[in-house]
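The sequence shown begins at 6 in my numbering and counts up one residue at a time.
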Amino acid sequence: MSEELGQLAASAAKTVVTLMLTDTWNGCRAGVISLWRRFHPEQSDSVARDLDDSQAELDHAREIGDPETRRELLAQWSGRFRRLLRDFPDAADALDTLIGEFGGSNTGRGTVIQQTAVASGKGARVYQAGGDQINH
(Lines of atoms letter the chains of each structure in order from A and count residues from 1; the text may use other names and numbers.)
(Lines give C-alpha, C1' and ligand atoms only; values in the text may rest on other atoms or scores of the structure.)
Protein backbone atom coordinates (compact mmCIF):
# COMPACT_ATOMS: atom_id res chain seq x y z
CA MET A 1 0.00 0.00 0.00
CA SER A 2 1.28 3.45 -0.84
CA GLU A 3 2.12 5.99 1.83
CA GLU A 4 -0.61 8.22 0.40
CA LEU A 5 -3.30 5.59 0.99
CA GLY A 6 -1.98 4.96 4.49
CA GLN A 7 -2.28 8.68 5.23
CA LEU A 8 -5.78 8.70 3.80
CA ALA A 9 -6.76 5.82 6.10
CA ALA A 10 -5.34 7.63 9.13
CA SER A 11 -7.09 10.86 8.18
CA ALA A 12 -10.38 9.02 7.72
CA ALA A 13 -10.04 7.43 11.15
CA LYS A 14 -9.29 10.78 12.74
CA THR A 15 -12.29 12.39 11.07
CA VAL A 16 -14.67 9.56 11.98
CA VAL A 17 -13.56 9.27 15.61
CA THR A 18 -13.59 13.05 16.06
CA LEU A 19 -17.14 13.30 14.73
CA MET A 20 -18.52 10.48 16.88
CA LEU A 21 -19.55 12.88 19.63
CA THR A 22 -20.81 15.73 17.43
CA ASP A 23 -24.06 16.73 15.77
CA THR A 24 -22.72 15.64 12.38
CA TRP A 25 -22.10 12.07 13.50
CA ASN A 26 -25.20 10.53 11.91
CA GLY A 27 -24.29 11.89 8.48
CA CYS A 28 -20.70 10.72 8.80
CA ARG A 29 -21.82 7.31 10.04
CA ALA A 30 -24.18 6.96 7.07
CA GLY A 31 -21.37 7.91 4.69
CA VAL A 32 -19.00 5.30 6.12
CA ILE A 33 -21.65 2.58 5.94
CA SER A 34 -22.47 3.61 2.37
CA LEU A 35 -18.79 3.34 1.47
CA TRP A 36 -18.66 -0.21 2.81
CA ARG A 37 -21.91 -1.15 1.05
CA ARG A 38 -20.38 0.02 -2.20
CA PHE A 39 -16.99 -1.67 -1.92
CA HIS A 40 -17.34 -4.41 0.71
CA PRO A 41 -21.10 -5.06 1.10
CA GLU A 42 -20.73 -8.25 3.12
CA GLN A 43 -19.08 -6.23 5.91
CA SER A 44 -21.45 -3.25 5.95
CA ASP A 45 -23.68 -4.57 8.75
CA SER A 46 -20.71 -5.32 11.00
CA VAL A 47 -19.22 -1.89 10.22
CA ALA A 48 -22.52 -0.27 11.26
CA ARG A 49 -22.49 -2.17 14.55
CA ASP A 50 -18.83 -1.38 15.14
CA LEU A 51 -19.42 2.32 14.50
CA ASP A 52 -22.23 2.32 17.05
CA ASP A 53 -20.12 0.40 19.56
CA SER A 54 -17.19 2.76 19.01
CA GLN A 55 -19.37 5.80 19.57
CA ALA A 56 -20.75 4.34 22.80
CA GLU A 57 -17.21 3.48 23.98
CA LEU A 58 -15.96 6.97 23.20
CA ASP A 59 -18.90 8.59 24.95
CA HIS A 60 -18.30 6.48 28.06
CA ALA A 61 -14.57 7.22 27.94
CA ARG A 62 -15.30 10.93 27.80
CA GLU A 63 -17.57 10.66 30.83
CA ILE A 64 -14.92 8.92 32.92
CA GLY A 65 -11.96 10.91 31.59
CA ASP A 66 -10.22 8.08 29.72
CA PRO A 67 -8.15 9.48 26.80
CA GLU A 68 -6.65 6.09 25.93
CA THR A 69 -9.92 4.84 24.43
CA ARG A 70 -9.80 7.56 21.77
CA ARG A 71 -6.27 6.50 20.79
CA GLU A 72 -7.38 2.87 20.60
CA LEU A 73 -10.34 3.77 18.40
CA LEU A 74 -8.11 5.83 16.11
CA ALA A 75 -5.84 2.82 15.65
CA GLN A 76 -8.79 0.46 15.16
CA TRP A 77 -10.47 2.59 12.50
CA SER A 78 -7.22 3.49 10.79
CA GLY A 79 -6.54 -0.22 10.37
CA ARG A 80 -10.03 -0.85 9.12
CA PHE A 81 -9.83 1.93 6.52
CA ARG A 82 -6.32 0.79 5.55
CA ARG A 83 -7.56 -2.74 4.88
CA LEU A 84 -10.49 -1.40 2.84
CA LEU A 85 -8.09 0.66 0.71
CA ARG A 86 -5.65 -2.25 0.40
CA ASP A 87 -8.39 -4.53 -0.91
CA PHE A 88 -10.23 -1.85 -2.90
CA PRO A 89 -7.86 0.94 -4.00
CA ASP A 90 -10.72 2.43 -6.03
CA ALA A 91 -12.38 3.35 -2.72
CA ALA A 92 -9.77 6.09 -2.17
CA ASP A 93 -11.63 8.77 -4.12
CA ALA A 94 -14.92 8.03 -2.38
CA LEU A 95 -13.22 8.05 1.03
CA ASP A 96 -11.40 11.28 0.21
CA THR A 97 -14.72 12.88 -0.76
CA LEU A 98 -16.39 11.64 2.42
CA ILE A 99 -13.64 13.12 4.58
CA GLY A 100 -13.89 16.41 2.72
CA GLU A 101 -17.64 16.57 3.31
CA PHE A 102 -17.14 16.35 7.05
CA GLY A 103 -14.27 18.77 7.43
CA GLY A 104 -11.27 16.49 7.43
CA SER A 105 -8.28 18.80 7.20
CA ASN A 106 -5.72 16.45 5.69
CA THR A 107 -7.17 13.82 3.44
CA GLY A 108 -3.81 12.34 2.65
CA ARG A 109 -3.91 13.88 -0.81
CA GLY A 110 -2.21 17.15 0.07
CA THR A 111 1.22 18.21 1.16
CA VAL A 112 2.89 16.29 3.92
CA ILE A 113 5.12 18.34 6.20
CA GLN A 114 7.71 16.62 8.34
CA GLN A 115 9.48 18.74 10.92
CA THR A 116 12.46 17.77 13.01
CA ALA A 117 14.18 19.95 15.58
CA VAL A 118 16.76 19.59 18.30
CA ALA A 119 17.19 22.06 21.13
CA SER A 120 20.10 21.88 23.50
CA GLY A 121 21.65 24.06 26.12
CA LYS A 122 20.22 26.19 28.87
CA GLY A 123 16.95 27.84 27.89
CA ALA A 124 16.95 26.36 24.39
CA ARG A 125 13.52 26.27 22.79
CA VAL A 126 12.04 25.07 19.56
CA TYR A 127 8.70 26.22 18.18
CA GLN A 128 7.21 24.43 15.21
CA ALA A 129 3.77 24.50 13.66
CA GLY A 130 2.07 23.03 10.65
CA GLY A 131 -0.59 25.74 10.86
CA ASP A 132 -1.34 28.67 13.13
CA GLN A 133 0.87 29.03 16.17
CA ILE A 134 0.24 31.49 18.97
CA ASN A 135 2.91 31.93 21.62
CA HIS A 136 2.29 33.82 24.85
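Positions of the beta carbon are idealized from the N, C-alpha and C atoms, including for glycine.
Please report the distance separating the alpha-carbon of residue i from that of residue j.
{"i": "threonine 29", "j": "glutamine 60", "result": "13 Å"}
{"i": "leucine 78", "j": "serine 39", "result": "20 Å"}
{"i": "proline 34", "j": "aspartate 50", "result": "First, the amino acid is wrong: residue 34 is arginine here, not proline. Their Cα atoms are separated by approximately 12 Å."}
{"i": "valine 52", "j": "tryptophan 82", "result": "10 Å"}
{"i": "valine 131", "j": "glutamate 47", "result": "50 Å"}
{"i": "arginine 88", "j": "alanine 97", "result": "12 Å"}
{"i": "alanine 99", "j": "serine 125", "result": "46 Å"}
{"i": "glycine 113", "j": "alanine 80", "result": "Confidence is the limiting factor: at glycine 113 the pLDDT is only 45, short of 50, which leaves the residue's position unreliable and the question unanswerable from this model."}
{"i": "glutamate 62", "j": "glycine 70", "result": "12 Å"}
{"i": "glycine 84", "j": "histidine 65", "result": "22 Å"}
{"i": "aspartate 58", "j": "glycine 32", "result": "16 Å"}
{"i": "aspartate 55", "j": "glycine 36", "result": "14 Å"}
{"i": "proline 72", "j": "glycine 128", "result": "31 Å"}
{"i": "valine 123", "j": "glutamine 133", "result": "11 Å"}
Thinking residue i and residue j are a contact (beta carbons under 8 Å), I'd like their distance in whole angstroms, please.
{"i": "leucine 26", "j": "arginine 67", "result": "7 Å"}
Taking the CB atoms as reference points, tell me whether residue i and residue j lie closer together than 8 Å.
{"i": "valine 22", "j": "arginine 75", "result": "yes"}
{"i": "alanine 18", "j": "phenylalanine 86", "result": "yes"}
{"i": "leucine 13", "j": "aspartate 101", "result": "yes"}
{"i": "isoleucine 104", "j": "serine 7", "result": "no"}
* Asked: Along the chain, which unbroken stretches of the alpha helix (DSSP H) at least 4 residues long are found entirely within the stretch 8-47?
  -> 8-24, 30-44
* Pairing CB atoms from the stretch 84-95 with CB atoms from the stretch 31-50, are three or more of them under 8 Å? -> Yes, they touch.
* To do: At 4 residues or longer, and completely inside the stretch 46-79: list those alpha helix (DSSP H) runs for me, N to C.
  => 49-69
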